[in-house]
Every structure is written in C-alpha cells, then in structure tokens.
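J.: Handing you a structure now.
Number of protein chains: 2
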Amino acid sequence: MNLNDRTKPRKPRVLLPSSSSSETLTPVPKMARKSILKSTVATVLCVFGLYGLSTTFFNPINPYHSRLDLSLPLDSSSKSLSLLSTDSGENLSKFSRNFGPVKVYMYDLPRKFTYGVIESYAVARGGLEKVPVDDVSSLKYPGHQHSGEWYLFSDLIREDRDGRYVVRVSDPEEADLFYVSFFSSLSLVVNPIRPANGEGAGTGYSDEEMQESLMEWLEQQEYWKRNNGRDHVFICQDPNALHLIVDRVKNGVLLVSDFGRLRSDTASLVKDVILPYAHRIKSYSGKIGVENRKSLLFFMGNRYRKEGGKIRDLLFQILEQEEDVIIKHGAQSRESRRMASQGMHSSKFCLHPAGDTPSACRLFDAIVSLCVPVIVSDQIELPFEDVIDYRKIAIFVDSASAVKPGFLVKNLRKITRERILEYQREMQEVTRYFEFEDTNGTVSEIWRQVSMKLPLIKLMINRDKRLVKREMTEPDCSCLCSNQSEIRTFL
Amino acid sequence: MNLNDRTKPRKPRVLLPSSSSSETLTPVPKMARKSILKSTVATVLCVFGLYGLSTTFFNPINPYHSRLDLSLPLDSSSKSLSLLSTDSGENLSKFSRNFGPVKVYMYDLPRKFTYGVIESYAVARGGLEKVPVDDVSSLKYPGHQHSGEWYLFSDLIREDRDGRYVVRVSDPEEADLFYVSFFSSLSLVVNPIRPANGEGAGTGYSDEEMQESLMEWLEQQEYWKRNNGRDHVFICQDPNALHLIVDRVKNGVLLVSDFGRLRSDTASLVKDVILPYAHRIKSYSGKIGVENRKSLLFFMGNRYRKEGGKIRDLLFQILEQEEDVIIKHGAQSRESRRMASQGMHSSKFCLHPAGDTPSACRLFDAIVSLCVPVIVSDQIELPFEDVIDYRKIAIFVDSASAVKPGFLVKNLRKITRERILEYQREMQEVTRYFEFEDTNGTVSEIWRQVSMKLPLIKLMINRDKRLVKREMTEPDCSCLCSNQSEIRTFL
Chain A
1 MNLNDRTKPR KPRVLLPSSS SSETLTPVPK MARKSILKST VATVLCVFGL YGLSTTFFNP
61 INPYHSRLDL SLPLDSSSKS LSLLSTDSGE NLSKFSRNFG PVKVYMYDLP RKFTYGVIES
121 YAVARGGLEK VPVDDVSSLK YPGHQHSGEW YLFSDLIRED RDGRYVVRVS DPEEADLFYV
181 SFFSSLSLVV NPIRPANGEG AGTGYSDEEM QESLMEWLEQ QEYWKRNNGR DHVFICQDPN
241 ALHLIVDRVK NGVLLVSDFG RLRSDTASLV KDVILPYAHR IKSYSGKIGV ENRKSLLFFM
301 GNRYRKEGGK IRDLLFQILE QEEDVIIKHG AQSRESRRMA SQGMHSSKFC LHPAGDTPSA
361 CRLFDAIVSL CVPVIVSDQI ELPFEDVIDY RKIAIFVDSA SAVKPGFLVK NLRKITRERI
421 LEYQREMQEV TRYFEFEDTN GTVSEIWRQV SMKLPLIKLM INRDKRLVKR EMTEPDCSCL
481 CSNQSEIRTF L
Chain B
1 MNLNDRTKPR KPRVLLPSSS SSETLTPVPK MARKSILKST VATVLCVFGL YGLSTTFFNP
61 INPYHSRLDL SLPLDSSSKS LSLLSTDSGE NLSKFSRNFG PVKVYMYDLP RKFTYGVIES
121 YAVARGGLEK VPVDDVSSLK YPGHQHSGEW YLFSDLIRED RDGRYVVRVS DPEEADLFYV
181 SFFSSLSLVV NPIRPANGEG AGTGYSDEEM QESLMEWLEQ QEYWKRNNGR DHVFICQDPN
241 ALHLIVDRVK NGVLLVSDFG RLRSDTASLV KDVILPYAHR IKSYSGKIGV ENRKSLLFFM
301 GNRYRKEGGK IRDLLFQILE QEEDVIIKHG AQSRESRRMA SQGMHSSKFC LHPAGDTPSA
361 CRLFDAIVSL CVPVIVSDQI ELPFEDVIDY RKIAIFVDSA SAVKPGFLVK NLRKITRERI
421 LEYQREMQEV TRYFEFEDTN GTVSEIWRQV SMKLPLIKLM INRDKRLVKR EMTEPDCSCL
481 CSNQSEIRTF L
C-alpha cells in the first residue's frame, strides 16, 4: 500500500481556490475569482495597515540569515504577573504550570523567509528602496491579525525569555522540536494588487515560489528527513498560508486559525494547535458593567462572504431593522476601526458570524472589549480550549436557529444584567490569552500547547519506524471523536 | 444526526466471541466456542496459578468498600533509583520528568468490584469458605499477566506513594481524573470451568452481571454524568475485560493491552494507554553476553491460535527442524514456566508471534530475559512507545517474510555478537518499565501516560459542551495517522 492510499482523507475539506477568510471591514466586490493567490492578495490587502508607530524594533544582524539576539519590549505588566502567581482558577491549571520545558531549535532560515518577507512587503508599497536593509531594526512587521508568526519568532530570539514551556537550544541534536519561522501569512499578501499573471506587481515576489523554495531548503536538512517532519512546527495562520506545500509538511505541528480549508488528514485537534488572531481594536480598560453598553448587539464587517459566511447576509436582513442592534457593512480604515472599538465597547453582545472560514479576528476583538460574543459559526474551532471553557464567556447559536426572524434578539434581551456581568467577569479572567504582548499571554500559551503535543509526536516517530508492511484497507489512524448530542442553541 | 451516526466506526475491529489472547503454555483443544465468557474462562483458567508465596498483604478495612490505607512492600532497589537519577538517555526524557502531577480521585467502589472479585475467585477454587473475609489482608490477588489492575489499585491506596505523576485526592471536586478500580480482568476468570449455562460453576458469580452492576453504579454518580465519562479511567487489560459495557465507557481513558478486539471508535493511541503484561518468568539477573546463550531462537507456547495467531502453526512448520532453534508447544505448569525461563535466559533471540490478539506477555518475558524479541505481529501496539524506541531492543519482521522457509534463521544468524550485545544493553535500559513492583517502574509510567491524556480530555470536555447542532455526513473526529512507507523486514 502506498503513501497516498494510507492517507486518503476520511472527511475531505477541500482547499478551495477562494478568497481568504481574513476578516475585513472593507467591501469586497463580488466577482469571479481565478486563483488562490489572486483572491487572497485582493482580500487580505484590504486588511492590512501599518501600525501607527510600533515600538517593535530589530537589532542589526547577519543580513543573510534571520538568527539574532534581540530584546523586545514585551509587556511585563503587573497584571500579567499577578495572573501568573495567583493561578486564575481552571484557566491556568496545575497541569500547565507544572509542564516542563521542551527544547525547541529554531532553524536559521535564509533571510528571505523572515526579514526578507517584511522587506518585500515594504518595497511593494514604496516604503523601501534598497534591499536588503543594512539594519533590520529599521524594518517593521506590518500589524495585522495573523501576526502570530512575528510574535513567535520574536519570542524565540529574545535574550531574556524565561522559557517556561519551551527553551530554545542552539544545537539541533538536543532539540525535541524544530521551529520553521517562515512568515507564511505575510508572504501571501506581499503583493498589494491583483496582477493579471498571478505574480507580483512588478516586485518580482512570488509567494508560491517562496513556498517551493522553503520546501527545497527543508528537504536538504538532515533533521527534516530524520523523522519525516513529525517534530517540525509550522505557522500558517492565514487559511491560505503554505497552501501549496501544506500537504508536504502536514506531518508537522501546524499552528493554524481553524481547519476551514484543511483536510482532516492534514490537520486535526490532536496534532495541531489553534491560534487566536491578534485583536485589531483596542482592549477595553474599563470595569465590567452594562450601564455604558446601550446597544444590545453589535456587528461591523463584510456582509457578503462565501461558504459558512453566507449566513451574514441573512443575519443582516433579520437584524438591521432592530432598534438596539448595530449591524454595519463596514470598510477598513483607521476611522472604521475606531468605530468598531466604540461599538464593541458600548454593546452588551457582539455578533460573530462565520466568514469564508469558521473563525475571524472579531471574536478576539469582542473578548478584549468585554462584549459577550454571540458565535454563529457551526464549524468553529477555538484556541486553548483545554484551559478555556468558552461557554463561560460566549454564547453559541446554531446557524439554523440564528436566522429565524426574531430569535436572536428575543433571546438576547432575556439575558439578565447579572448574567452579562458574569460573562464579563469570566472574560476578564482569560483576556491575557489573547494579548500577544503579554509576558504571560498568547505566545506563552502557544508554546504550552505545542509542548503538549510532544508525547504523541515521539510515540508516532518511534512507531512509524518499526511498523512492518501490512495489508490494510483503511488508513492507520488514531482518533478522538466527539460524541455528544449537540445543543441546538444557548437557551 | 444521532449519536450512533456520528460515532460509526471507520475501521471496524469486531469484538469477536472468541478465546482470550491470554498467552498460555497449555494446549487448548480446538473446538467450537460459543461465547466470550465460556472461551475466556476456559483459556485464561489455564494461565492462572497463585504465586508461590506472595509478600503482598492487605490491612483490615471496611468490609463493604475497598478504600483503605495500605503499605505495599514495593521494590525500591538501588537499581531503580539509579535509573531515575541518571536519566537513561531518551528513555526517560526531560519532558516526562518535568511532567507535573495530575489529581486522581479513586472511586470508593462497592467492595464486590475489588476485594470481592478476589474472594469469589478464591471461593470458586475452594480456597475460601466464608465471605466476605473479616481481614482483607488474608486475601491474595492471584498472580497473572493482567495484574496491572491490582498494582494500580494498590499504588493509589499506598500511604507513602510519592505521586510524581499523579496525586490521589479525597475530594472529587478537586479531581482531574476519576479512576474506576474494578478488577475487570480477574472478574472475567473468576469461574474456573466452562459450565453449560454460561454462568459460574455453582459459585453464582457472573462477570456479565458484575459489568452491568458497575454500569448501574456509575450511572448514579454525579461525576460520571458531568462529562459523560471523558475524565474517567478504566483498566481492561484482558482483551475481553468489560466487553459488555466497553461501548458505554469508551469516552474514558482505557488501559488496555492492545486494540485487537476494540473498534477504532472505542479505543485509540490518542485516547488510551497501552499497558505491558506482567512478565511471568524470572528476570535475568546476569550480565549481557551471548556466551551462555547457545540457542539461536526460542519459543514456547500454544501452536494453535486464531486470527493473526494462525501464523504460529506456520512458524512451527518452518522452524522445528532447525538445529539451534527451540520451538515448543508448551503446557502451563510450574515446570514449564521454569523451562521457559531457562530457554529465554539461554537464547539469543525470542520469538514473539501474534496470538489471538496482537500482543502477549511473552514479549515482556523476553525483555526481562535480555533475549532479543523477534516480533512477528503486524498489528501490535507497544506500551510507552513515546519513551521506548522498540527498534533498539527488538527485531520486527512482517508476517509474510517470516513464514518464508529459511528466511528467519538465515537472517538471525547473520546478526553479529556486537549487535546482540547492543540490543541487550538497550534492553537493560528499559527493563524497569516492565517491572510492576519497581518504584520507578510500570505503575509510575502508566500514571505518566495517563497524565499526558489530560489536555486533550479537557479540550474535548469543553468542546463537546459548546458544540451546536450541525449537519454532518461523517463523524467529527480528530486523528493522527501513520503515513510512513513501512518496512518489510528488519534487514
């Protein structure tokens, strides 16, 4: 039996040549979309903007490789420290605190896969004339929802990282896991426009060539070949990141936003880690309460999405006439982000419908706004679900119920002030998980999640190598299945 | 979609009404077998014998419940301690040593599910007249290959247990996991003969009634219902143990010997833990070397087995004429166990063919004998495979190659003295994992393995409860698949 037979998908989820699920406040014209590259560039382009003034700078380094020592001004506020020391209930379990450090080797990737991507992105927007820059500290990673790749890279090269869950080792022989730090989500959107030939707008940059080049580079690495990549970690937060090679790196741990475009034999809850998006609006700094939250329900975003996101138009139709509901087809801009912040900070509930894929950054915007998320996305997967019980901070409504006229608002209005405060209190307990710059925040938790994959990775590495040739009619898979009778709604 | 739709097996493994896979040196007559109970009793009966003189005694306790404080004279020899402190290479990884304790609550089961099983077993053999005994210290758990259930129970009730990987808690509210200590493997063989009506030979004991009774008891427990059993741990080492109710407790962590008779939606490497059998022959205490190992290959056991075990007869045919091979159709007795010890201690290689199920105690007998196992069992799963690389201590041969005339002996003879010493050295490093009485041995490792299931258990508990009703055509499963091109043989 050959490789392909044994890994045939049981529950196919097709990698669709469709637009990115990247959440955007921009109207995207409905039109035929010819390729993943084209459409992704078109859509994600709208999402991006450089952060106003970033405090994140780099130190000079070997211009051809991305390894360097760097101190990031990460937030080490007393808030995060106190959360660490007081153990916020079940959210920071004894299990995770006792979890020992796993040794990670970060590949010294050719520069083009890290800083080079940032440079190409800047060049394509006229922000840089000469590349490579002599001083990488002049480069800024553009702020956007898929910036996890930047935070993990930055974390591993920090000199003062504490390494609670993973320690970085410089000798690959010592490593338990290998981190491949290619900025795959940024690479996808380097080219700002949709050119006719599918290549960069005169920039000469091609994400697909980058992916192929990464693959070629990896295949020359001794440690890649050693365990067929099972002990390698890749980040591909944009649903189309690494799309060309994901089937060739699927043995590894994939850090993803959801499984919307990944087949079940490519990615799974057992093997991979669900990452939150970086929130795009300001965290709410006020106290819990409903007095300043006059709106019942808030949503701002693109009305027209594909796949599961088709529900958005239906939700608009039934919600836009409701008096205390704000539902807007928004466009991305500094102004609209300000409006979204204001809306989320002054509403009791924030709608989170599926986009082109089940997840979106809006959920995390809502959580840091203490605006109770109302999730209408039947296939959604949620980050860090072993330590976060999302029923405590969000309301789940199945799509079929949500689109019944009157259903949503009628039921949301029934929810008492006390119950809302309870949701808000619970949200406060977990906001740190969604703050990438918190010392005890997202990055730390991602490494903990990655660490916990190690026993099964080691088991599978050992087992793969001693398996003998067998006659099998099905793939040899170990599974964990959901077998609850599901709820239809939150009531 | 109902429960049954969503959990339909992808790779059916049928729970066959066949004989137990329990390894035995007894000739079992080939005959029609009518029920799991009958055949299991018949086969496993032959395996059992009381240990000569056991040092394992109990203290008096509430006669109706099995909770008690007890000190077991477990082996805390310098050998095991030195292995702990020196960290035997990758076999005791940094990961596992740093793994924090998980809180386990052991149910205070009605006495009949623990000491009561031992009593019934003794009564059925004329060893006890009055039950329940006043003093449980007069009871002895009969020694046999499935005694893991006894060791785990004994470990949790020890006063001086160190709790490196799990700590026992007395308040279920604090617990991460719930241990159900029913002696399911012993229960299966309480009745020593095969009666006509499928029930006990006048003992009134029925394993199936016990299983149903356990289920009834569990279903009244608040913590069983709370998470639908996902955080419950069951031991069912005999392939037929819990056969009647295993589909009702499959959400939990199952401690099993292999997956031979469990469907892939009931048990998996991801959810469950593979346990070693307790070895039945004496550990080899000598040094490594081949000088005193004149035989090339040794096997003693039942020639006729079902399923994958059919290969045994073929192996007998091609091996019994070889001069330096000892292959015997043995009968269980004190004498034959002595002969098996002698044979394994004086052979270079020990054959481990599949039995009725893929695993058997013979593998662990071979390891503690420093006799290099030659595994001919294509579907075998191996205990603790994240920390033990079995290629270093055993030779794997696919069934198709193994039965080619001349193949096995020709290739085994080619293996150099140096290579055999290497195998033996590696075996020495891992024997502690197969010593149930070693403080740092099997029991400790089982708890470590159980601990590592916790993050996925917690994730699935949280996720199950927030899932909304979805239209699905396939079960909602997360899988880890093998996708190596397999080896055909060891050469």
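Residue numbers (the UniProt record's numbering), protein chains in the order written: chain A, 1 to 491; chain B, 1 to 491. Just so it is clear, CB atoms sit at the ideal spot from N, CA and C, and this is done for glycine as well.
Have a look at the DSSP bridge pairing and note the partners of R168/A.
T.: BP columns for R168/A point to V104/A.
J.: Unbroken beta strand (DSSP E) runs of length 3 or more, entirely within the region 282–344 of chain A: which are they?
T.: Here the runs fully enclosed are 295–301, 325–329.
J.: With burial defined as no fewer than 16 other Cβ atoms inside 10 Å of the residue's Cβ, what is the status of T431/A: buried or exposed?
T.: By the 10 Å Cβ count, T431/A comes out buried.
J.: Strictly below 7 Å CB to CB, what residues from chain A border M452/B?
T.: Ordered by position in chain A, the residues that pass the 7 Å Cβ test against M452/B are P455.
J.: Just to confirm, are V372/B and C350/B a CB contact at a threshold of 9 Å?
T.: Contact flag set, yes.
J.: So, is the C-beta of V387/A closer than 9 Å to a C-beta in chain B?
T.: Taking Cβ atoms only, chain B reaches closer than 9 Å to V387/A, which makes this a yes.
J.: At a CB-CB cut-off below 7 Å, which residues of chain B make contact with K271/A?
T.: Ordered by position in chain B, the residues that pass the 7 Å Cβ test against K271/A are L480.
J.: For residue 493/A, which residues from the same chain have a beta carbon less than 6 Å from its beta carbon, with the 5 sequence-adjacent residues on both sides left out?
T.: As displayed, chain A neither begins before 1 nor continues past 491, which places residue 493/A out of reach and without an answer.
J.: Report the residue ranges of all beta strand (DSSP E) runs contained in full by the region 357–422 of chain A; include only those spanning at least 3 residues, in chain order.
T.: Fully enclosed beta strand (DSSP E) runs of 3 or longer: 372–376.
J.: The alpha helix (DSSP H) spanning K458/B covers which residue range?
T.: Where K458/B is concerned, the enclosing alpha helix (DSSP H) stretches over 454–466.
J.: If you reduce the DSSP assignment to three classes, tell me which class S478/B lands in.
T.: The answer is strand: DSSP assigns S478/B an E or B state.
J.: Does M460/B have its Cβ less than 9 Å from a Cβ in chain A?
T.: Chain A contact via Cβ: present.
J.: When you compare the region 224–231 of chain A with the region 457–465 of chain A, are there three or more beta-carbon pairs, one atom per stretch, that lie closer than 8 Å?
T.: With the cut-off at 8 Å, the region 224–231 of chain A and the region 457–465 of chain A touch.
J.: What does a CB cutoff of less than 7 Å around Q211/A pick up in its chain, not counting 5 residues either side in sequence?
T.: Contacts found: L242, L244, I245.
J.: With DSSP collapsed to three states, give me the class of I157/B.
T.: Correct three-state label for I157/B: helix.
J.: Among all the DSSP beta bridges, which residues are the ones paired with L255/B?
T.: I235/B, V273/B.
J.: From L480/B to C477/A, what does the alpha carbon distance come to, in whole angstroms?
T.: Each residue's alpha carbon lies about 5 Å from the other.
J.: Straight-line CA distance for N411/B to E219/B?
T.: If you take the alpha carbons of N411/B and E219/B, they lie about 55 Å apart.
J.: Can you pull out the residues from the region 150–165 of chain A whose beta carbon lies closer than 7 Å to at least one beta carbon of chain B?
T.: Against chain B - using a Cβ distance shorter than 7 Å - the region 150–165 of chain A contributes no residues.
J.: Determine the chain B residues that contact Y390/A at a beta-carbon separation under 8 Å, and present them in chain order.
T.: Per Cβ cutoff of 8 Å: N462, R466.
J.: Under three-state DSSP, which class holds F183/B?
T.: Note: F183/B maps to coil in three-state DSSP.
J.: Kindly say whether F396/B, judged by its beta-carbon, lies nearer than 9 Å to any beta-carbon of chain C.
T.: In the displayed structure, chain C is absent; the protein chains listed are A and B.
J.: Does the Cβ-Cβ distance between L156/B and R168/B come in under 9 Å?
T.: Yes.
J.: To the nearest whole angstrom, what separates the beta carbons of residue 542/B and G301/B, a pair I think is in contact under 8 Å?
T.: Residue 542/B falls outside the range modelled here, since chain B spans only 1 to 491, and no answer is possible.
J.: Out of Q145/B, F316/B, S333/B, E335/B, which has the shortest C-alpha to C-alpha gap to I327/B?
T.: Ranking Q145/B, F316/B, S333/B, E335/B by Cα distance to I327/B puts F316/B first.
J.: Say whether chain A places a C-beta atom closer than 9 Å to the C-beta of P475/B.
T.: Yes, contact with chain A.
J.: Is there a C-beta anywhere in chain A that falls below 9 Å from the one on K306/B?
T.: So no, K306/B is outside the interface.
J.: In chain order, what residues of the same chain lie with their CB nearer than 6 Å to the CB of Q379/B, ignoring the 5 residues before and after it?
T.: The residues are P358.
J.: From the DSSP output, which residues share a beta bridge with S347/A?
T.: In DSSP, S347/A forms a bridge with S295/A.
J.: Pick from E335/B, I388/B, S264/B: whose alpha carbon is nearest that of Y423/B?
T.: The candidate whose alpha carbon is nearest that of Y423/B is I388/B.
J.: What does the Cβ neighbour count give for D386/A, buried or exposed, with the cut at 16 atoms within 10 Å?
T.: Classification for D386/A: buried.
J.: What separation, rounded to the nearest whole angstrom, lies between the Cα atoms of L382/A and C361/A?
T.: Taking the straight line joining both Cα atoms gives about 12 Å.
J.: Hey, could you find the ends of the alpha helix (DSSP H) Y121/A is sitting in?
T.: First-last of the alpha helix (DSSP H) with Y121/A: 115–124.
J.: Under 8 Å Cβ to Cβ from V290/B, same chain only, skipping five residues before and after it: list those, please.
T.: Correct list, in chain order: K348, R417, I420, L421.
J.: Is it true that the CB of I235/A sits closer than 9 Å to the CB of S254/A?
T.: Note on residue identity: the sequence assigns Leu, not Ser, to residue 254/A. Taking 9 Å as the Cβ cut-off, L254/A and I235/A qualify as a contacting pair.
J.: Cα separation between E435/B and G308/B?
T.: Computed Cα separation, rounded: 27 Å.
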